Every structure is written in structure tokens, then in C-alpha cells.
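Data first, discussion second: the structure below is written as C-alpha cells.
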Amino acid sequence: MLAKIWKKLGIFILIVACIFNIMFKLVKRISLNTQLKESVSYIQEEYEEMQNKTK
Numbered sequence: 002m003l004a005k006i007w008k009k010l011g012i013f014i015l016i017v018a019c020i021f022n023i024m025f026k027l028v029k030r031i032s033l034n035t036q037l038k039e040s041v042s043y044i045q046e047e048y049e050e051m052q053n054k055t056k
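Quick note: the sequence shown uses the working numbering, first residue 2, plus one each step.
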């Protein structure tokens, strides 16, 4: 009987942890627009460095 209680408690804790993890990721998600802007700026910086090295 004690094993059933611990099993149910463990499953409940696991479910709560998974839900908390999913909600945290949704709240802290970076917008697509921000990601694209950062990617473009990184590529531009790399291109400029490559151009400076060839000169």
C-alpha cells in the first residue's frame, strides 16, 4: 500500500515538473523577429571580417 502511494506521488511530481518546464520555456521564448535580427547581424559581422582579411 505504501508503494502505491509513493508511486502516485512520484508520478504527480514528475507531471508537475514537466508542466513547469514547458511553461518556463514558453514564457522565456525569444521571438522569431529578434532571432532573425541577431542572425543577420552575426552574418554581416562575419562577412565584414572576411572582407577585411582578404584586403
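Cβ coordinates follow ideal geometry from the N, Cα and C atoms, glycine included. For clarity, every value in this text was computed on a predicted model and none was experimentally measured.
> Per DSSP, what kind of secondary structure is I16 in: helix, strand or coil?
Replying inline: Position 15 of the sequence shown, counting from 1, holds the residue named residue 16. In the structure shown, I16 sits in a helix (DSSP, three-state: H, G or I).
> Start and end of the alpha helix (DSSP H) containing K38?
Replying inline: The count along the sequence shown starts at 1 and reaches residue 38 at position 37. Following the DSSP letters along the chain, one finds K38 inside the alpha helix (DSSP H) bounded by residues L33 to T55.
>> What does the alpha-carbon distance come out to for the pair S32 and E49?
In response: Taking the sequence shown and counting its residues from 1, the one referred to as residue 32 is at position 31. Taking the sequence shown and counting its residues from 1, the one referred to as residue 49 is at position 48. Roughly 26 Å separates the two Cα atoms.
> Looking at the structure shown, is M2 part of a helix, part of a strand, or coil, going by DSSP?
Replying inline: Looking up residue 2 in the sequence shown gives position 1. Coil.
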